[in-house]
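In terms of our numbering, the sequence shown has 236 at position 72, counting the first letter as 1, and numbering is strictly consecutive.
Positions of the beta carbon are idealized from the N, C-alpha and C atoms, including for glycine.
A short write-up of the structure that comes next.
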Amino acid sequence: MTRESDPIVFSTDGSHHQVCPTCDRHPCVCPPAADVVPAETLLRMRLDKKGRGGKAVTVVFDLPAHPDYFIHLVKKLKARCGTGGALKEGRMEIQGDQRDSVQTFLERMGFTVRRAGG
165 MTRESDPIVF
175 STDGSHHQVC
185 PTCDRHPCVC
195 PPAADVVPAE
205 TLLRMRLDKK
215 GRGGKAVTVV
225 FDLPAHPDYF
235 IHLVKKLKAR
245 CGTGGALKEG
255 RMEIQGDQRD
265 SVQTFLERMG
275 FTVRRAGG
């Protein structure tokens, strides 16, 4: 006797690898992510040095839940700044103190960018 709401306890067919990390269900029952409208989106940015051996990283956070859009955006930002970076846990990280160029780039795309943390 299985119920639809019971989570997978044990599986040998590999279906446990297809469970959504947000809702813990397969198939996913999360609502689809809405498209990102830059003119209606406020992004926050700060310079972070904690836990990085004193090296600075520009962090853009408070991103809307649309990872596919921001994967491409962080790729463009890395190329624009000529540095490395990543999309981690709902925030974009660009290596170095790139606050001015990141803010200019994002504002040209239509986003509103606020600096946080001084």
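Look up residue i in the DSSP assignment and say whether it is helix, strand or coil.
i: T268; result: helix
i: E204; result: helix
i: R189; result: coil
i: D199; result: coil
i: R210; result: strand
i: R216; result: coil
i: A243; result: helix
For residue i, which residues from the same chain have a beta carbon less than 6 Å from its beta carbon, with the 5 sequence-adjacent residues on both sides left out?
i: V200; result: P228, H230 and Y233
i: A280; result: R208 and R210
Just tell me which of the options has its CA closest to the CA of residue i.
i: Q262; options: C192, V238, A203 and A198; result: V238
i: R216; options: D264, G260 and V266; result: G260
i: G251; options: D264, T276 and T222; result: A small fix is needed here, since residue 251 is Leu in this sequence, not Gly. Closest by alpha carbon: T222.
i: P195; options: E204, T205, A203 and C184; result: C184
What does residue i pair with, by DSSP beta-bridge criteria?
i: E257; result: V223 and A250
i: T276; result: L206
Thinking residue i and residue j are a contact (beta carbons under 8 Å), I'd like their distance in whole angstroms, please.
i: K213; j: A220; result: 5 Å
i: L286; j: G249; result: Since the first residue shown for the chain is 165 and the last is 282, residue 286 is missing from the structure and cannot be characterised.
i: I235; j: T247; result: At roughly 17 Å, the Cβ-Cβ gap does not stay under 8 Å, so I235 and T247 are not in contact.
Quick one: residues in its chain with C-beta nearer than 8 Å to the C-beta of residue i, no 5 flanking neighbours on either side, listed in chain order?
i: E271; result: V277
Quick one: what's got a C-beta closer than 7 Å to residue i's C-beta in the same chain, skipping five residues either side?
i: F275; result: P202, T205 and L207
i: Q182; result: H190
i: T186; result: C194
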